[in-house]
Every structure is written in structure tokens, then in C-alpha cells.
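Protein chains: 2
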Amino acid sequence: MQPSTAPRRRGRPPKHLAEPRQDTRSLLIRTGVAVLTEKGYSAVGIDEILRQAAVPKGSFYHCFESKEAFGQALIAAYADYFARKLDRWLLDADTPPLQRLRRFIDDATQGMERHGFRRGCLVGNLGQEMGTLPESFRAQLEGVFLDWQARTSACLAEAQRAGEIAHHHDCVALAEFFWIGWEGAVLRAKLQRSAAPLQAYASGFFQLLTT
Amino acid sequence: MQPSTAPRRRGRPPKHLAEPRQDTRSLLIRTGVAVLTEKGYSAVGIDEILRQAAVPKGSFYHCFESKEAFGQALIAAYADYFARKLDRWLLDADTPPLQRLRRFIDDATQGMERHGFRRGCLVGNLGQEMGTLPESFRAQLEGVFLDWQARTSACLAEAQRAGEIAHHHDCVALAEFFWIGWEGAVLRAKLQRSAAPLQAYASGFFQLLTT
């Protein structure tokens with residue numbers, strides 16, 4: 127961006143000066159999340175994202191120091207978006223706890239259908255690619271899984287208190303199991319371009335809960 | 127390769143004329159499988175594989191028409207190698223059927239440990255990357271999963287006949303569930319650089335079998 131020649135004013139800067147960078151940053155993050163959920167990190171150059179977002183290269187480096195910093199921002203943005211999605215379903219007090227988990231699964235399935243099963247999970251894609259990614263992504267991605275597991279585990283514990291799951295179950299272990307396998311189901315749904323693997327996985331998981 | 131000026135002889139060609147291409151092809155496949163189980167397809171150029179294998183570029187195109195044809199050969203070679211590995215464990219008539227499956231899982235876990243959890247599953251890696259891969263890979267990869275599932279399902283059916291699994295279970299569905307989730311476990315083990323996700327997944331799966 128070129129330096130402005132407008133006289134400096136007190137207080138909040140006018141909108142056209144304050145917001146462009148923030149808007150560009152948001153646009154790059156939205157575009158980056160969309161592209162990386164479909165193609166992963168390694169197959170995508172910054173240029174492809176800039177082209178899709180119609181943002182010049184100079185602006186990218188005003189918003190992000192490097193492709194690595196951009197990747198970290200994408201993981202953080204996706205984690206935040208997904209945590210809110212999980213909360214929307216799993217904290218819905220009007221619905222019995224296990225039904226909440228079913229609704230989350232249905233919503234995730236519809237999300238994949240809407241994008242023709244081309245888009246998977248950004249965290250799963252990057253986890254799979256970890257062998258070629260900046261090492262700083264590892265703890266960040268693992269932290270996202272732990273966060274999703276904690277939200278899921280809280281819902282399963284509610285189900286247990288409500289008598290929907292037997293008391294011998296360890297809800298933390300069940301939530302971990304769910305997320306380990308769910309990423310495999312998302313991978314397979316992308317490969318088959320079908321909801322069947324998501325449904326097959328959910329069906330087995332709910333059968334496990336009845337043991 | 128340069129055309130030979132040696133006089134043509136009857137019968138089997140001498141070893142130095144007949145074998146180089148086959149040897150080079152095998153070497154490229156071995157190297158390619160090792161690199162792709164670690165890094166996937168998109169992040170790897172042919173040049174990296176040629177460098178590792180110390181094979182000149184001209185020789186590559188004597189063995190394979192294109193990177194796509196090479197990818198297909200790698201999937202086929204990995205599928206073959208893995209089918210033999212599965213058979214070694216799952217057809218071992220001296221061992222009770224469920225114990226065979228446990229031994230396969232232990233062997234796969236040790237395999238990942240041996241490579242410092244850097245190498246995952248070539249078929250899982252490519253399934254995850256399907257959004258950017260040649261479309262011809264899709265049916266081939268899905269076929270490999272169906273093959274592994276059939277071998278696993280046959281072992282589970284033996285377990286059922288031996289009374290190790292209750293009769294209400296559908297062994298085909300259980301084998302599908304196993305492979306859907308197992309790929310997620312391999313992904314997570316690579317991310318965590320730990321056997322824990324493989325063990326957690328196996329533990330949940332065997333618990334499901336006891337329902």
C-alpha cells in the first residue's frame with residue numbers, strides 16, 4: 127500500500143484508511159481456508175490464492191510475513207470457525223446430548239455434500255501432510271484436535287449423566303476415538319465422493335456407545 | 127539408454143542387456159513408495175525421486191510414460207506389498223482370528239515406529255490428496271481399500287465362526303469401519319509422532335467387536 131498524503135486526524139481513523147488491510151487479511155484467510163480444505167497445503171502456491179482472491183502480491187506481505195505465518199493464521203481461523211460450529215450443535219440444551227452429536231455429524235455431512243465432497247477438513251489435510259510442512263504447524267494442529275475432543279467429550283459426559291451412555295465408558299477416550307476415526311471418514315468420503323463413509327463411521331461409533 | 131552395438135545372439139539376452147530397465151523400474155518404484163508414504167504425491171517432484179534413486183531422467187521415461195503412470199505403478203506396487211503383509215498375518219491358521227488382526231496392528235505400529243512416524247500409508251496419503259491428483263487414481267485407490275476390507279472381513283468372519291465375535295455383527299461392515307477409521311489413526315500417529323492414536327483406535331475397535 128502507498129503511504130497516504132491525507133492530513134492526520136485525531137481519534138479513530140476514517141474507514142477507508144483503517145480497514146483495507148483488515149479486509150484484505152480476512153479475504154485472504156477466507157480464500158485460503160477454502161482452497162486448503164480442498165487441496166491441502168503443499169499443492170497450493172500463494173499465487174493461486176492471490177489470483178482467486180484478486181489480491182496483489184504486495185498486499186499479501188503487508189498482511190502476512192510468510193507462507194508459514196499465513197498457514198498458521200489459516201489453521202487458527204479454521205479452528206475458531208469449527209469450534210463455533212461444534213458449540214452450536216453440542217451445547218444445544220434443548221436436544222438430548224447424543225442427538226446433538228448426530229446433528230453435528232449430519233451438518234458436517236451436508237457441508238461436504240454442498241461442496242461435492244471436494245472439500246475435507248483443513249486440520250486433517252494438514253495433519254496428513256505434516257511430513258512436508260513447517261514444524262510449527264504440528265503442535266498447533268494437535269492443539270486443535272485436543273480442543274475438538276474436549277468439546278465432544280463434554281457432550282458425551284452429559285449423555286452419560288443423562289443415562290444415554292453406560293457409566294463404564296471413559297468419555298475422554300471415546301471423544302479421542304471419535305476424532306481419530308472421523309478424519310479417516312472425511313478422507314474416504316472425499317475419495318469416494320459420497321456420504322457413505324461418514325454414515326458408516328457414525329453408525330459404528332454409535333454402536334460402540336451402546337456397549 | 128543408448129542402442130547397443132553388440133551382435134544379436136539367440137536365446138535369452140545377456141544379463142547386462144535384459145535387466146537394467148527392470149532393475150531401474152524396481153528401484154524407482156521402491157524409492158517412489160518410500161518418498162510418497164512420507165510426503166504424499168503433490169509435494170514431490172520426479173526430480174527428487176530420481177536424485178534419491180541416483181537414476182538419470184532419461185531412464186525414468188524409458189520405464190514410465192508420465193508422472194501419472196508412475197503414480198499408478200506406485201499404487202499397484204504398494205497394494206501388492208500390503209496385500210501380502212495382510213495375508214501373512216490374517217491367514218495364519220495357527221493363531222485365533224482376532225489375535226491375527228491384533229498382530230497385524232502391532233506389526234503396522236512397529237513399521238511406523240521404525241520410520242520415526244514419518245511414513246504413513248501411501249493409499250491414505252493419496253486419498254487425502256485426491257482433490258489435486260489425476261482422476262485415474264480415484265478408482266484405483268478405492269479398489270485397494272475394497273481389497274484390504276475383503277481380506278479383513280474374511281478374517282472377521284472366521285472369528286465369528288470361531289465364536290470370537292457375536293453373530294449379529296456384519297463382518298463386511300466391521301471391516302469397512304476398521305479401514306475407514308484406521309486411516310485416520312495413521313494420519314494422527316504421523317501428526318503426534320506416536321503410536322498412541324493407533325493403540326487408542328485399535329482399543330475402541332476391539333471394544334466394538336465385543337458388543
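Top line first, the protein sequences correspond to chains A and B.
All the letters of the first sequence, read from the start, carry residue numbers 127 to 337 under our numbering.
All the letters of the second sequence, read from the start, carry residue numbers 127 to 337 under our numbering.
Heads up, the beta-carbon is just placed ideally off N, CA and C, and yes, glycines get one too.
Just so we're clear, the structure is a prediction, and the values are computed from it rather than from any experiment.
Please check if any C-beta of chain B sits within less than 8 Å of the C-beta of residue i.
i	result
PRO260 of chain A	no
ALA160 of chain A	no
GLY330 of chain A	yes
SER168 of chain A	yes
ARG264 of chain A	yes
ARG244 of chain A	yes
Compute the beta-carbon to beta-carbon distance between residue i and residue j, rounded to the nearest angstrom, for a pair I have assumed lies under 8 Å.
i	j	result
LEU227 of chain B	LEU216 of chain B	7 Å
LEU212 of chain A	ARG277 of chain A	5 Å
ALA203 of chain B	VAL159 of chain B	6 Å
PRO260 of chain B	GLY197 of chain B	7 Å
ARG319 of chain B	PHE243 of chain B	4 Å
THR157 of chain A	ALA169 of chain B	Wrong, their Cβ atoms sit about 21 Å apart, outside the cutoff.
Strictly below 8 Å CB to CB, what residues from chain A border residue i?
i	result
GLU268 of chain B	LEU317, GLN318
TYR327 of chain B	PHE303, ILE306, GLY307
LEU313 of chain B	GLY250, GLY253, GLN254, GLU309, GLY310, LEU313
THR337 of chain B	GLN333, LEU334, THR336, THR337
ALA280 of chain B	In chain order: nothing, as chain A lies at least about 19 Å away.
In angstroms with no decimal places, state the Cα-to-Cα distance between residue i and residue j.
i	j	result
GLN325 of chain B	ALA299 of chain A	11 Å
TRP274 of chain B	ALA301 of chain B	9 Å
VAL161 of chain B	GLU194 of chain B	16 Å
GLN286 of chain B	LEU267 of chain B	28 Å
LEU176 of chain B	PHE186 of chain B	8 Å
GLY307 of chain A	CYS247 of chain A	13 Å
PRO140 of chain A	THR150 of chain A	Note that PRO140 of chain A has pLDDT 48, beneath the 50 cutoff, so the model's placement of it is unreliable and the number below is only indicative. Going by the C-alpha atoms only, they are around 17 Å apart.
MET256 of chain A	ASP296 of chain B	35 Å
GLN254 of chain B	GLN148 of chain A	32 Å
GLY289 of chain B	SER329 of chain A	23 Å
PHE230 of chain A	ALA209 of chain A	12 Å
GLU164 of chain A	GLU309 of chain A	14 Å
ILE291 of chain B	ALA219 of chain B	17 Å
CYS281 of chain B	ALA180 of chain B	41 Å
GLY166 of chain B	ASP232 of chain B	24 Å
PHE332 of chain B	LEU334 of chain A	10 Å
LEU313 of chain A	ARG245 of chain B	17 Å
GLU284 of chain A	PRO222 of chain A	9 Å
THR337 of chain B	LYS183 of chain B	55 Å
LEU317 of chain A	THR235 of chain A	14 Å
GLY250 of chain B	TYR207 of chain B	15 Å
ALA322 of chain A	ALA311 of chain B	19 Å
SER262 of chain B	ALA205 of chain B	16 Å
PHE303 of chain A	LEU154 of chain A	34 Å
MET238 of chain A	ALA315 of chain A	8 Å
LEU200 of chain A	HIS241 of chain A	19 Å
CYS189 of chain B	TRP305 of chain A	41 Å
GLU174 of chain A	ARG214 of chain B	46 Å
SER192 of chain A	SER152 of chain A	16 Å
LEU252 of chain A	GLY269 of chain B	25 Å
SER279 of chain A	TYR327 of chain A	18 Å
Interface residues of chain B around residue i at Cβ under 9 Å?
i	result
LYS193 of chain A	Within 9 Å Cβ-Cβ: nothing; LYS193 of chain A doesn't reach chain B, min ~13 Å.
So is residue i in contact with chain A if we call contact Cβ pairs under 8 Å?
i	result
ILE155 of chain B	no
ALA299 of chain B	yes
MET127 of chain B	The pLDDT assigned to MET127 of chain B is 27, lower than 50, so where the model puts this residue is not dependable, and the model offers no usable value.
Can you name the residues of chain A whose CB is closer than 9 Å to the CB of residue i?
i	result
ALA209 of chain B	Simply none; closest approach about 19 Å.
Report the neighbours of residue i on chain B: residues whose CB is nearer than 7 Å to its CB, in chain order.
i	result
LYS165 of chain A	GLY257, THR258
ARG177 of chain A	Going along chain B, no residue has its Cβ under 7 Å from ARG177 of chain A, so there is no contact; the nearest lies around 16 Å.
PRO323 of chain A	ILE306
Quick one: which chain B residues come within Cβ less than 8 Å of residue i?
i	result
ARG228 of chain A	Ordered by position in chain B, no residue passes the 8 Å Cβ test against ARG228 of chain A, which lies about 17 Å from the chain.
PRO223 of chain A	None at all; the shortest Cβ gap to chain B is about 19 Å.
Under 7 Å from any heavy atom of the ligand ZN, does the C-beta of residue i make it?
i	result
ALA195 of chain B	Judged by which ligands are present, the structure shown has none, so any question about the ligand ZN falls away.
Less than 8 Å between CB atoms is the rule here; does residue i satisfy it with respect to chain E?
i	result
ALA292 of chain A	Chain labels in this structure do not include chain E; the protein chains are A and B.
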